[in-house]
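According to the working numbering, the residues represented by the sequence shown are 119 to 320, in order. Below is one structure, written out as structure tokens, with a few remarks after it.
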Amino acid sequence: MISSLLKLFGCSGQEKETTNPTTDELRKSVDNFQNRPIYKVLTTEIVSKIKDEELEQAIFDNISINMEGDQREEREIVKTLTPGQRAIYVTWIVESEVNNGGFNQFYFNSSGQLADMGEEAFEIIGAHKFAAIVKQSNLIYDEIKEDLEKYNDGTTESFSKSYNGNPLNDLDEKFYNLYKSEQLNQIKIKYIRNNVKEFVIE
């Protein structure tokens, strides 16, 4: 839910026009989000009728709702998804975390358990430049993770301190700027449309 809300309120890193939405517009956006259709089962017909701008959300919702109640760890569930489902789910998580609090937050939170799937996920959909950044971030994190352990005491203060001099910070800006040259949302839409069997049950 949190990652979905991050996307809703502009934390996806996509280039947008600078606007100041009114209270009514914000309320309408939240209402639309909360009342959006969520499909427990997706078919080719259903996917074909979903608008492009709503497609990634629909796929993520479908995966998430089918994960609910599963007693396995998130990582174990994600490993059993189809390559396409895994790619959309993992890239969504990476985007939401990095665009909200940088790579440091991604690794600090439970989402970090998906880190080794990140590079492949972006490669699957054809977002090669994003894949390269994630690969680089994984290498850096492997080098510094022991040093970061001292900040993992559950306090906000320690988490904030973990950013000081953190080499992952430099990759955050590279990740954000990459949206200008690699239209990630469009890459995902194209992948889903061209590989719809990865996401449906017939």
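No residue lacks a Cβ here, since even glycine has one placed at the ideal position from N, Cα and C. Only a predicted model underlies this, so the values are computations on that prediction, with no experimental measurement involved.
In this model, Ile319 and Ile242 are separated by some 21 Å (Cα to Cα). Taking one beta carbon from each stretch, the stretch 197-207 and the stretch 165-185 have 3 or more pairs nearer than 8 Å; the two touch.
In this structure the stretch 278-293 touches the stretch 214-224; the number of beta carbon pairs closer than 8 Å is three or more. Following the DSSP letters along the chain, one finds Lys247 inside the alpha helix (DSSP H) bounded by residues 246-266. Where Tyr207 is concerned, the enclosing alpha helix (DSSP H) starts and stops at 201-226.
Of the residues assessed, Ile310 falls on the buried side of the cut-off, its CB having 16 or more other CB atoms within 10 angstroms. Rounded to the nearest angstrom, the Cβ distance from Val216 to Phe293 is 6 Å, consistent with a contact under 8 Å. Straight-line measurement puts the Cα of Pro155 at about 30 Å from the Cα of Glu237.
Leu232 carries a helical assignment under DSSP once its states are collapsed to helix, strand and coil. Distances from the alpha-carbon of Glu291 to those of Phe277, Val252, Ile305 put Val252 closest. The criterion of a C-beta distance shorter than 7 Å is satisfied by Ile183 and Lys158.
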